[in-house]
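Notes to accompany the following structure.
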Amino acid sequence: MRVVFLGAPGVGKGTQADRIAAQYRIAKISTGDLLREAVRNQTALGLEAKRYMDQGSLVPDAVVIGLVREKLADPRCENGFVLDGFPRTVPQAEALGAVLTSRGIALDRVVNFQVSREDIVRRLSGRRSCPKCQATFHLDFAPPKVGEVCDRCGEPLMQRSDDRRDAIEMRLKVYDEQTAPLVAYYQERRLLFQLDGSSAVDVVFQHLSQELEPYRAV
Ligand code: AMP
């Protein structure tokens, strides 16, 4: 199963990618996660990427393409993969196509998650996570038991720097200008599946797995 999850920030791509990866035993490649890990480890790449990420703008294509190319070569991708948050520009989509062709493989499906703008802003601005154990919460939908403190380890929760209002606006603008054209790009290639991402996580997962089931490895 080789799939791409497309959609604006906050539509639930990451949550569903985790579940699909577990269900079908495929690799999840999230460029956002890979970049945040590089920032945490203060690598040269992380230090360069942080400037863009904090503002909500995109990290240069060459950087993320390099990251994904490296991950796709990993034997853990042999059974398949779900790409979460990549590609985000037409040049990234073209580079992905070229990498897959050179390996003699192709995408099975590109899922476009659709959620209203109002819901997206609410989902993103309420997200919190624990800096120690990485547990995730949402102030409205999955609130911690006490204040803004981690249920598991008692650490004060943090908000991602790019989940603040000004960065959210920037990320949505970047999405409209640079990523939304990929919907038509993959529609032309007959790979696109439109998914309503506004329902509860379990309901979205059910629709998604129904659509992807035919591509499960035998
Ligand atoms: P995400 O967790 O997918 O929302 O990504 C967080 C941030 O990482 C984005 O706002 C970008 O700054 C950067 N990023 C993640 N994926 C990409 C990508 N494919 N191309 C460029 N920048 C990316």
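In my numbering, the protein residues as written are 87 to 304.
For every residue, glycine included, the Cβ atom is placed at its ideal position computed from N, Cα and C.
Quantities reported herein were computed from a predicted structural model and do not represent experimental measurements.
Exclusion of Val125 from the 6 Å shell around the ligand AMP follows from its C-beta lying no nearer than that to any non-hydrogen atom of the ligand. As the crow flies, the alpha-carbon of Ile254 is around 9 Å from that of Gln141.
For Thr117, the Cβ falls inside the 6 Å cut-off from some heavy atom of the ligand AMP. Counting only runs that start and end inside the stretch 90 to 128, the beta strand (DSSP E) elements of at least 3 residues fall at 113 to 116.
CA-to-CA, the gap between Ser285 and Val201 works out to about 9 Å.
Taken from the Cβ of Tyr138, at least one heavy atom of the ligand AMP lies inside 6 Å. Contact annotation: Arg257 and Pro146 have beta-carbon atoms that are not nearer than 7 Å. A direct Cα-Cα distance of roughly 10 Å separates Ala124 from Thr117. Our two residues, Asp194 and Ser188, have alpha carbons roughly 16 Å apart in a direct line. Where Arg250 is concerned, there is no enclosing beta strand (DSSP E), because DSSP gives it neither an H nor an E. A contact between stretches requires three or more CB pairs, one per stretch, nearer than 8 Å, and the stretch 207 to 217 fails this requirement with the stretch 101 to 113.
Assigned with DSSP and collapsed to three states, Met139 falls in helix.
The beta carbon of Leu121 sits closer than 6 Å to at least one heavy atom of the ligand AMP. DSSP, read as helix, strand or coil, puts Arg203 in helix. For Leu153, the three-state secondary structure derived from DSSP is helix. A direct Cα-to-Cα measurement between Cys216 and Phe199 gives close to 26 Å. The DSSP-derived three-state label of Phe291 is helix. The closest heavy atom of the ligand AMP lies less than 6 Å from the beta carbon of Val145. Ile191 and Gln264 have their C-alpha atoms spaced approximately 26 Å apart. Judged by the Cβ position, Gly171 qualifies as a neighbour of the ligand AMP at the 6 Å threshold, a heavy atom of the ligand being closer than this.
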